[in-house]
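Numbering-wise (this note's numbering), the first sequence opens with residue 11 and increments by one.
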Amino acid sequence: MNPLSKSFFEKNTIRIAKNLLGKYIKHKNMIGKIVETEAYLHDDPASHSFNGKTKRNTPMFDKPGTAYVYFTYGMYHCFNIVTNKKNIGEAVLIRALEPIKGIKQMQKNRGRDDNLCNGPAKLVIAIGITKKHNGVDLLNKNSSIKIFDNKENFEIVQTKRIGISKGKSLPHRFYVKNSKWVSMK
DNA sequence: AGAGTGATGGGCT
DNA sequence: GCCCATCACTCTT
């Protein structure tokens with residue numbers, strides 16, 4: 011299992027959102043397979059970067075492969091990976107994982123046995139991502155979070171995004187067809 | 001199965 | 001002062 015290369019994250023953001031499906035994300039003893047993503051573009055009214063750089067969204071303008079972890083709804087965090095080598099503020103939100111390894115630990119982190127990773131805030135809690143990971147370089151050897159390549163064949167579904175108030179019509183959500191691990195709503 | 005809602009706090013006009 | 005890329009729970013069909 012090899013880590014994804016720098017060039018993987020330097021491509022077009024939509025393409026990366028699609029290509030991330032099926033890949034493995036690892037933190038400590040836990041591994042999840044990415045089954046749902048959303049793309050957030052620089053000219054996208056739903057993107058945190060839409061109105062330019064601010065204190066909160068600074069990591070979005072950092073180099074591709076950087077983690078952007080933001081705080082939301084007073085109690086949750088969500089995990090994104092910065093994309094596009096132009097540093098224009100684009101990222102892919104990871105919305106759901108299929109738990110692969112360290113499921114006991116995920117259950118402990120979540121305080122329940124099911125619905126461990128089927129939502130952006132849920133997976134962050136399950137695999138122990140915190141605000142400390144905001145801005146870290148996932149391509150760095152020393153990063154505790156890493157993304158690994160995985161070859162697998164499956165169909166991809168492209169739909170509208172979830173839980174946003176602006177940019178609702180854009181078809182920037184992607185998930186693995188028939189996966190029981192995606193967030194529903 | 002679907003609709004409604006409280007929790008809870010940082011970000012930004 | 002309102003908004004929010006959410007979740008889990010309750011109440012209703």
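All C-beta atoms, glycine included, are put in the ideal place defined by N, C-alpha and C. Since we're looking at a predicted model, the values are computed, not measured.
Confirm, please, whether the CB-CB distance from residue j to residue i is below 8 Å.
i	j	result
F89	P130	yes
L30	V186	no
K28	L14	no
I91	I41	no
A136	N119	yes
CA-CA distance, residue i and residue j?
i	j	result
N160	E20	18 Å
T93	L103	11 Å
I241	P69	Since the first residue of the chain shown is 11 and the last is 195, residue 241 is not available in this structure.
G84	H182	25 Å
N61	G99	10 Å
I44	S179	23 Å
I139	P55	26 Å
What do you get for residue i, buried or exposed, if any count of 16 or more other CB atoms within 10 angstroms of its CB means buried?
i	result
T47	buried
E108	buried
T169	exposed
M194	exposed
F164	exposed
M11	exposed
Below 8 Å on the Cβ atoms is my contact criterion, and I expect residue i with residue j to pass it. Report the Cβ-Cβ distance as a whole number of Å.
i	j	result
Y78	A101	5 Å
G112	N39	4 Å
Could you name each continuous beta strand (DSSP E) segment of 3 residues or more that falls completely within the region 30–97, going from the start of the chain to the end? 34–37, 40–50, 77–82, 86–93
What runs of the beta strand (DSSP E), each 3 residues or longer, lie entirely inside the region 138–175? 155–158, 166–169
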